[in-house]
Amino acid sequence: MSVLVAVTDSAEGRAALEAAANEADLLNVQLTVVNLTGSDLDTSSIATEVPYEVVVPRAGGDVDEVEQVLQAIEERSEVTRLVVGVRKRSPIGKAVLGSIAQRLILEATVPVLSVKTSDA
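Under UniProt numbering, the residues of the sequence shown are numbered 1 to 120, in order.
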């Protein structure tokens, strides 16, 4: 069993990583981090008592972030929870812009914990 979190280089990504580490500690399961930052992830920010692994999705060119995360869930059948960071937006902003997090919440095959951050 594990908690999976997709980390982007944003406030939402950092909030999701912190919440996922807390969730993994609470459930006493492994933490799996999908690094979508495009660079090396600073693992010193992962404050957890449980083991964790950092996964870098295969470079797919035409594969978007949502598909990479969903694929990571499928490849790791032990994933029991997905944590995503979402930004508080106005209803118009949500309708026009959509959201990677919204797609993950709708398409994930495991329970999802969403973490909200303020719109910066």
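Ideal placement from N, C-alpha and C gives every residue a C-beta, glycine not left out.
When rounded, the separation of the alpha-carbon atoms in residue 27 and residue 107 is 23 Å. Across the structure, residue 75 and residue 41 are spaced so that their CA atoms are roughly 21 Å apart. When the Cα atoms are used, residue 52 and residue 7 turn out to be separated by approximately 14 Å.
With a 10 Å radius around the Cβ and a threshold of 16 neighbouring Cβ atoms, residue 38 comes out exposed.
Between residue 19 and the set 29, 78, 67 and 5, the nearest pair of CA atoms involves 5. With at least 16 other beta carbons inside 10 angstroms of its own, residue 115 counts as buried.
Closest by C-alpha distance to residue 49, out of 43, 68, 25 and 3, is 25.
With at least 16 other beta carbons inside 10 angstroms of its own, residue 21 counts as buried. The Cβ atoms of residue 54 and residue 104 do not sit closer than 7 Å to each other.
When only Cα atoms are considered, residue 16 and residue 85 end up about 5 Å apart.
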